[in-house]
Amino acid sequence: MYVFRNAFLAAFLISVLCGVVGSFVVVKRISLMSGGISHAAFGGIGLGYFLRISDPLIAAIPFSVLSAIGIGVLSRRAKMSEDISIGIFWAFGMALGILLVNMTPGYAPNLLGFLFGNILLVSPDDIIMMLTLDIFVLVLISLFYEEFLAISFDEEFAKIVGIRADFFNTLLLVIIAISIIVMIKVVGVILVIAMLIIPAAICKQFTNSMKILMISSIFASLFLTITGLWLSFIYNVPSGATIVLISSCAFFLISLIRC
Amino acid sequence: MIPVMLRDVSVCFGAERVLEDINLSIGNHEFVAIIGPNGGGKTTLLNVILGLVKTSGGIVRVFGKPPEEGRKFVGYLPQRPSFDPSFPISVYEVVLMGRYRRWSLRKYTEEDMKAVENALHTVGMIDFKEKSIGILSGGQIQRVLIARALVRSPKLLLLDEPTASIDSEMQIFLYELLRKLREKMTVVIVTHDIGVVSDYVDRIVCLNRRIHYCGPPDLSEIARTYGHPVKLIDHGAHASVK
Ligand SMILES: Nc1ncnc2c1ncn2[C@@H]1O[C@H](COP(=O)(O)OP(=O)(O)OP(=O)(O)O)[C@@H](O)[C@H]1O
Ligand SMILES: [Mg+2]
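In the order they appear, the protein sequences are chains B and Y.
Sequential numbering of the first sequence, starting at 1, is according to the numbering used here.
Sequential numbering of the second sequence, starting at 1001, is according to the numbering used here.
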């Protein structure tokens, strides 16, 4: 029973971030970049295995934050289109992770869990880490909400009114990286991007207010995650994949009805 | 402090030199129009004043400071809106962003909200304040963005083709408004309707890579330095309005 309590807590904790951070990812149109950051996180997980840290995800936190800063700087500075540097980062993280795991002697427990997620394996320690990171992200967003809103809406104007756009762009990527870490246990590196964007992408079709978008996305995400969890339990199929499939289908269905 | 001081400024994009030997000072409460052909560098010049493009030489001072610092006293209307029209944001919130101040704990005060209402009144968009920005027509967006520039109570107002997509009634109203505003601030506008603007401004700057003319709005003088009749320059306006 207590496995379920943790699973529900985890569903709630990731839904808060799906709603708040996912809304920024969607309105700022940086889902590709967020995908790059989440795959790069696998490099950090590999590093965690290699260093024999009991929870490899701990090693992935600094690694992801650094790669988020890296992706941000590279896509701003490099004299080529942004999607090229994102694509390279994307594969770089995965390749590094796979090599590091391979170089680690012995068996790598939970590797599939990190790739595809398993909400039923979320431990009380994981919940505490997720809660801490959730609070950290929420505090940052509420402190700098106006700044994040301004750089997302109109970066040029934000600069003119005195917002340090480069700094806040990078900070937003760092927040995304941390949110991804929180979500990895549940949906995994490969599927995490779907959960970050789908709830907000669904709700964006119904509102013209950023705040309503955030709040409704939290509920949408909670509904989708718990439905997926329940179905995966009944049919005894992987939870991460089920949650993502349910969410994608909901998105397709609603978009079709709306158009 | 003099609002704008440019000395020997030049700007290159790659190998192309877009601005060259720009020397221009704009004083307090001056009303200046910048005219010139498409691609002449007018928008680039405004971006130099705003510190949004790197110069490849020369000195730029805005209220005696580098543009990155001086631009907080500036209200700006871009030639083209640079945002995603499907962004979930209301007209009111867009204009409110113009009141942003750093280091304020309560981000927006009563006073800010009153200023937003006033600015929306001024441009005749108050009835749309709760509407989302995406459903507005081009001219309505233009009006909202003018409100966003005005709401800062800037000391320097830079307007890049403000009349490009607004109707003729609003155009006249806008020029009359600018005539009043210049009592309080310096106004620089980029425009193609030289005929109208010369009734209002103190100075006209003709820009085509270099400054070809800078002085009172004397049409025959401008036509001579331009090398072709003013009518023809005026004609260019319609090509640039998309
Ligand atoms: N970011 C950029 N990169 C490269 N070239 C640019 C860039 N921005 C402007 N240019 C070039 O600089 C020149 C001047 O452009 P600018 O936008 O300043 O013209 P303008 O006078 O505002 O024209 P218009 O009347 O059409 O608005 C043009 O030839 C344009 O191609
Ligand atoms: Mg222009």
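For glycine and all other residues, C-beta sits at the position ideal for the given N, C-alpha and C.
Can you find a CB in chain B that lies within less than 8 Å of the CB of residue i?
i, result
"E1020 (chain Y)", "no"
"S1090 (chain Y)", "yes"
"G1041 (chain Y)", "no"
"V1053 (chain Y)", "no"
"V1095 (chain Y)", "no"
"F1083 (chain Y)", "yes"
"I1116 (chain Y)", "Per the sequence presented here, residue 1116 (chain Y) reads as Val, with Ile not at that position. Judged by the 8 Å Cβ criterion, V1116 (chain Y) is not in contact with chain B."
"S1153 (chain Y)", "no"
"F1087 (chain Y)", "yes"
"V1241 (chain Y)", "Per-residue confidence for V1241 (chain Y) stands at a pLDDT of 32, beneath the threshold of 50, marking its modelled position as unreliable; the derived number appears in the next sentence. Not one chain B Cβ lies under 8 Å of V1241 (chain Y)."
"K1107 (chain Y)", "yes"
"H1238 (chain Y)", "For H1238 (chain Y), the pLDDT reaches just 40, beneath the cut-off of 50, and the residue's location in the model is therefore unreliable, leaving the point undetermined."
"R1071 (chain Y)", "yes"
"L1159 (chain Y)", "no"
"S1132 (chain Y)", "yes"
Does chain Y have any CB closer than 8 Å to the CB of residue i?
i, result
"I218 (chain B)", "no"
"K185 (chain B)", "no"
"V65 (chain B)", "no"
"A150 (chain B)", "yes"
"L231 (chain B)", "no"
"D154 (chain B)", "yes"
"I30 (chain B)", "no"
"S38 (chain B)", "no"
"E146 (chain B)", "yes"
"M210 (chain B)", "yes"
"K79 (chain B)", "no"
"G72 (chain B)", "no"
"M94 (chain B)", "no"
Using a threshold of 8 Å, state whether the C-beta atoms of residue i and residue j are closer than that.
i, j, result
"I71 (chain B)", "M33 (chain B)", "yes"
"S221 (chain B)", "S232 (chain B)", "no"
"L1006 (chain Y)", "G1058 (chain Y)", "yes"
"I1049 (chain Y)", "H1192 (chain Y)", "no"
"N1028 (chain Y)", "T1186 (chain Y)", "yes"
"M1097 (chain Y)", "F157 (chain B)", "yes"
"E1068 (chain Y)", "G1051 (chain Y)", "yes"
"A10 (chain B)", "V186 (chain B)", "yes"
"L1026 (chain Y)", "S1010 (chain Y)", "According to the sequence displayed, residue 1026 (chain Y) carries Ile and not Leu. Not closer than 8 Å, so no."
"P1085 (chain Y)", "K204 (chain B)", "no"
"L314 (chain B)", "G43 (chain B)", "Nothing about residue 314 (chain B) can be reported from this structure: the residues present for chain B run from 1 to 259 only."
"W90 (chain B)", "G36 (chain B)", "yes"
"L172 (chain B)", "P199 (chain B)", "no"
"G1075 (chain Y)", "L1150 (chain Y)", "yes"
"F251 (chain B)", "A201 (chain B)", "yes"
"V1190 (chain Y)", "E1161 (chain Y)", "yes"
"G46 (chain B)", "V101 (chain B)", "yes"
"S179 (chain B)", "L17 (chain B)", "yes"
"G162 (chain B)", "K1155 (chain Y)", "no"
"F116 (chain B)", "A241 (chain B)", "yes"
"S15 (chain B)", "I218 (chain B)", "yes"
"L1178 (chain Y)", "Y1200 (chain Y)", "yes"
"R1148 (chain Y)", "V1095 (chain Y)", "yes"
"V122 (chain B)", "V21 (chain B)", "no"
State buried or exposed for residue i, treating a residue as buried only when at least 16 other CB atoms are found within 10 Å of its CB.
i, result
"P56 (chain B)", "buried"
"R1099 (chain Y)", "buried"
"Y2 (chain B)", "exposed"
"N1047 (chain Y)", "buried"
"A1015 (chain Y)", "exposed"
"D126 (chain B)", "buried"
"E147 (chain B)", "buried"
"L143 (chain B)", "exposed"
"I1172 (chain Y)", "exposed"
"S81 (chain B)", "exposed"
"A7 (chain B)", "buried"
"G1195 (chain Y)", "exposed"
Residue i bridges to which residues according to DSSP?
i, result
"L1157 (chain Y)", "Y:G1075, Y:V1187"
"K1065 (chain Y)", "Y:V1062"
"I127 (chain B)", "Note: I127 (chain B) sits in no beta bridge, so no partner."
"R1017 (chain Y)", "Y:C1012"
"Y107 (chain B)", "Answer by DSSP bridge pairing: none, since Y107 (chain B) is not bridged."
"A1033 (chain Y)", "Y:I1189, Y:I1204"
"C1214 (chain Y)", "Y:V1205"
"G1057 (chain Y)", "Y:S1010"
"L1024 (chain Y)", "Y:L1006"
"S1090 (chain Y)", "Y:S1132"
Checklist entry - Around ligand 1, which residues pass a check of Cβ closer than 5 Å to any of its heavy atoms? => result In chain order, the qualifying residues are Y:F1013, Y:V1018, Y:N1038, Y:G1039, Y:G1040, Y:G1041, Y:K1042, Y:T1043, Y:T1044, Y:S1240.
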